[in-house]
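Trainee: With UniProt numbering, the residue at position 222 of the sequence shown is 222, and numbering never jumps.
Note that CB positions come from ideal geometry on N, CA and C, so glycine has one too.
Sharing a structure with you now.
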Amino acid sequence: MASRAQSPSGSSDTSPSLRDADSGYASGNNSELGLPEVYFTKPHLKFLNRQLQFLEPPEILRWCITSLPHLYQTTAFGLTGLVQLDMLSKLNIPRPQMVDLIFIDTLHHFSETLELVEKVRAKYPLVNIHTFKPAGAETAEEFAAKYGDKLWESDEERYDYLAKVEPAERAYRELQAFAVLTGRRRSQGGARGSLDIIEVDEAGLIKINPLANWSFQQVQQYMKDNDVPYNALLDQGYKSVGDWHSTQPVREGEDERAGRWKGKQKTECGIHNPRSKYTQFLMDQEKKREQEALDEALQKVSIQA
């Protein structure tokens, strides 16, 4: 995905002054001055994390709304994301609208998850939900026809890229999202155990984890106390819900995300992982295929003319 540091003309600016040395983040563009909308040095980012560590989630959310432009919440409608949504809806703060949601519909969600989306729309009618699907597919059948049946078994990383990473990056690009709220917490274990409250990914996207300090029990209690809608699968032993083919209930005493990719050395789907060389290769290949299809279509038009 292109860097969020933009030159005055709108093209990507990857100059050393913005991307190297102590640069933690350069985002957006001031059309008059050609300056980034948001700029964090690494020391500043470290300072912010120390300060935010002492704030409660609603206070962190308040800081995000008043400090970060082009703010969205990315969600698969898990427990933490729903708690954040409820907290946002109750913040007494002047703002033009609620923080919009970005939902990546992989086309392989449980039916219970899709039903939950509609419950959320009913409970929080002021919230806009932007849904993004894999390129060139509207259904699981179309996805299989285009990319191969059970791709998650034959090429798991390519599946993650096509169903999750590419739609997410397309969402950030089309919506011009420079900062996103996530539902990750340290208590979820794995790579999330050392999670900072605010971080910057390799593409320059700011990611904020307002409930990083909370436990599963705290999240669960908040949902009960505030009548927050939740996935019906949680009543069947699930704690973290993803695609139907890679999610199982968890046993008592197991980690919250133990039901995801059970039996595999994997804890993330790719959206929150550093970009691997293979992922970069996939990106290049998909772009090449898209360009070839476009060239072919233009050639046909030229011949007909």
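Over the uninterrupted beta strand (DSSP E) stretch that includes ALA179, give me the two end residues.
Mentor: Its beta strand (DSSP E) spans residues 179-181.
Trainee: So, for LYS126: in the same chain, excluding its five sequence neighbours on each side, which residues have a beta-carbon less than 6 Å away from its beta-carbon?
Mentor: One point to set straight first is that residue 126 is Leu, not Lys, in the sequence displayed. Closer than 6 Å at Cβ, skipping near neighbours: MET98.
Trainee: Helix, strand or coil for ALA297? Go by DSSP, reduced to three states.
Mentor: Three-state result, ALA297: helix.
Trainee: In the stretch 70-146, which residue ranges form an unbroken alpha helix (DSSP H) of at least 4 residues, counting only runs that do not cross its ends?
Mentor: As far as the stretch 70-146 is concerned, its whole alpha helix (DSSP H) runs of at least 4 residues are 79-90 and 111-123.
Trainee: Taking the alpha-carbon positions, what's the TYR230 to GLY81 distance?
Mentor: Computed Cα separation, rounded: 10 Å.
Trainee: Nearest to SER215 by alpha carbon, out of TYR238, ALA140, ARG184 and ALA76?
Mentor: Among TYR238, ALA140, ARG184 and ALA76, the Cα nearest to that of SER215 belongs to ARG184.
Trainee: Exposed or buried, which one is GLN265 when buried takes at least 16 other CB atoms within 10 Å?
Mentor: In this prediction, GLN265 has a pLDDT of 49, which is less than 50 and means its spatial position is unreliable; nothing more can be read from the coordinates.
Trainee: Give me, in chain order, the residues of the same chain whose beta-carbon lies closer than 8 Å to that of GLN53; leave out the 5 immediate sequence neighbours on both sides.
Mentor: Here the set comprises ILE197 and ASN213.
Trainee: Use the C-beta contact count for LEU101: other C-beta atoms within 10 angstroms, 16 or more gives buried, fewer gives exposed.
Mentor: Buried is the call here.
Trainee: Does ILE208 pass the burial test, meaning 16 or more other C-beta atoms within 10 Å, or should it be called exposed?
Mentor: ILE208 is buried by the Cβ-count criterion.
Trainee: With distance defined between alpha-carbon atoms, name the residue in ASN226, LEU195 and LEU205 nearest to LEU211.
Mentor: It is LEU195.
Trainee: Decide if ASP149 is buried, meaning its Cβ has at least 16 other Cβ atoms within 10 Å, or exposed.
Mentor: Exposed, because fewer than 16 other Cβ atoms sit within 10 Å of the Cβ of ASP149.
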